[in-house]
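Residue numbers (this note's numbering): 13 to 621.
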């Protein structure tokens, strides 16, 4: 006990305890200052890690030096034992201790100042534009450039970009812009400030991917959108067979860089949602990405090509739930575009089998529930599709597609105000999503907000000027606005033959030009009667011919025409809401008639004049 007590007294006499406290406070202050200064200088992450290692390494050295040496008026000398005749006088030891105390207090004062700055400084304050710090926690992953000599590797660089979006969107407190908006800037010669303003973000992640044989090279940069300055960069050169490890390393590096600048500590573990094969098969993932590339071209030949790739992925890994989910979605889209009859039923049967397989393999796969919901909605099963969309949104709260599809389900059930709110929310995460704007235009028209609906339809064309059906949708909105000349111009600009036929029949009818309207409608009926019965019913409603309008609605129901999902928001058909056949059709189709619970408030007086 005495030896222990005497050792502690000796530690105090040699100021080892005071040095330890002073060193700890100074080290903390240095690291905090480095956390503020290094990101502003654009220093790579390894600089901070080296500094942390040096600080930790020097701590025991400082304690050893404090024990062995002392500061005297004559300079630094070895510390003598307490009972030595030449030991330091007690008064001198107190002066040295007082100096250390003063130094420690000064360091602690500096630490308090740093804490105050971090808590109340500019990064926490509201900017002059009225944007809080929360809005600074936002990023867009721009499509990585395909730097390979082979242009067909575009799908690979796209897949890497999407993987980053999925992973980063699961970081708490970070707003990540969705794919539809980020990919609008592929090949665009815009500066970072302009892109940041269009997307409403403060940071951009951009880079390039090069794949040559078995080697993959990735370069990524974190950029301040306000001034284009590079805040952080990294480069990886890895074998292709280690692709997943490379993706994980890149995601962790980006997340760490974002933590240092935006989020603070506390990154979660592995992402809850993933599109990777559970068996780790890189070849399976590769063909899955190729399938995604063709799926997003939206034509039937490309959809069938995507289906072939998804099947290849499943053959390479039979447990690949994400591939089954994507396969289901592709088959549903094929079915939606097929004529009523065996071909459509076969496509839907294939979609159902794939969705069931996806969810049996991974019940918590958001895309699995989303794909099943899309199939159910296409088969006019409104309530079950809504439940699937809600489950998908629970599993992936930041998913723009889940928000958008849930909004469409609510609109189908007449809850237009809530649908518009959800579409607006989805557009916050994906502000250039043409699909969200397209559905929003329809629902705004259903609420009688024709000017807003037409503006949303024009926004869609600005984003996807050559996409099928976009000009036809604008023609529909222009008819509601009463600008029939603009409706005809939009119809004539429609690139899709089927959508153009429907838009022209609608526009000529609105113009009152029966000489052209009647032949246009006859052509539409003869060619598209098995794929667009609902659209034909709309035109008869506009012509104020309710009998053929309801006859074509019944035909649309028998054909499981997906257009029925817009029935309760259709102003042309709403003019017949007091006709007993309107409520009868609602009951047959499983839709709440206007005025009943769930049909939406204020549906009255929203029919087209």
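By construction, the Cβ of each residue, glycine as well, lies at the ideal position given by its N, Cα and C atoms.
- In its chain, beyond the 5 residues on either side, 352 have a beta carbon closer than 8 Å to the beta carbon of residue 570.
- Between the alpha carbons of residue 235 and residue 531 lies a distance of about 57 Å.
- The alpha-carbon of residue 495 is positioned some 14 Å away from that of residue 485.
- Around the beta carbon of residue 409, fewer than 16 other beta carbons sit within 10 angstroms, so the residue counts as exposed.
- Considering only 295, 363 and 380, the residue with the shortest C-alpha distance to residue 315 is 363.
- With a threshold of 16 other beta carbon atoms within 10 Å, residue 201 falls short and is exposed.
- Minimum Cα-Cα distance from residue 454 among the listed residues 517, 442, 73 and 420 corresponds to 420.
- Three or more Cβ pairs drawn from the segment 318 to 329 and the segment 290 to 298 lie within less than 8 Å of each other, which places the two stretches in contact.
- With respect to the C-alpha of residue 337, the residue from 385, 305 and 356 having the closest C-alpha is 385.
- When Cβ pairs closer than 8 Å are counted between the two stretches, the segment 572 to 581 is seen to touch the segment 542 to 550, the count reaching three or more.
- Residue state for residue 539 is assigned as helix, using DSSP reduced to three classes.
- Counting along the chain, residue 169 sits inside the alpha helix (DSSP H) bounded by residues 166 to 180.
- Rounded to whole angstroms, residue 437 and residue 249 show a C-alpha spacing of 39 Å.
- By a beta-carbon distance limit of 8 Å, residue 443 contacts residue 193. Their separation comes to about 5 Å.
- In the structure shown, the three-state DSSP call for residue 547 is helix.
- Per DSSP, the continuous beta strand (DSSP E) segment holding residue 216 begins and ends at 215 to 224.
- Between residue 217 and residue 266, the C-beta gap is smaller than 9 Å, which places the two residues in contact.
- Pairing residue 305 with residue 219 gives a Cβ-Cβ distance that is not under 9 Å.
- Straight across, the Cα-Cα distance linking residue 199 with residue 312 is about 26 Å.
- The three-state secondary structure of residue 356, taken from DSSP, is helix.
- Straight-line measurement puts the Cα of residue 223 at about 8 Å from the Cα of residue 165.
- For residue 227, the beta-bridge partners assigned by DSSP are 224 and 251.
- According to DSSP, residue 150 shares a beta bridge with 187.
- For residue 576, there is no enclosing alpha helix (DSSP H), as DSSP marks it with neither H nor E.
- Taking the CA atoms as reference points, residue 517 sits about 44 Å from residue 172.
- In the DSSP assignment, residue 562 falls within the alpha helix (DSSP H) that extends over 558 to 570.
- Here residue 234 is bridged, per DSSP, to 217 and 244.
- Looking at the DSSP output, residue 158 bridges to 221.
- Closest in alpha carbon position to residue 508, among 298, 349, 70 and 474, is 349.
- Residue 602 counts as exposed, since fewer than 16 other C-beta atoms from the protein chains shown sit within 10 angstroms of its C-beta.
- Between the alpha carbons of residue 320 and residue 300 lies a distance of about 10 Å.
- By the C-beta criterion, the segment 423 to 431 is judged to be in contact with the segment 387 to 401, since at least 3 inter-stretch pairs fall below 8 Å.
- For residue 437, the enclosing alpha helix (DSSP H) has its first and last residue at 428 to 441.
- With fewer than 16 other Cβ atoms inside 10 Å of its own Cβ, residue 592 counts as exposed.
- Minimum Cα-Cα distance from residue 210 among the listed residues 247, 434, 150 and 368 corresponds to 150.
- For residue 412, the enclosing alpha helix (DSSP H) covers residues 412 to 424.
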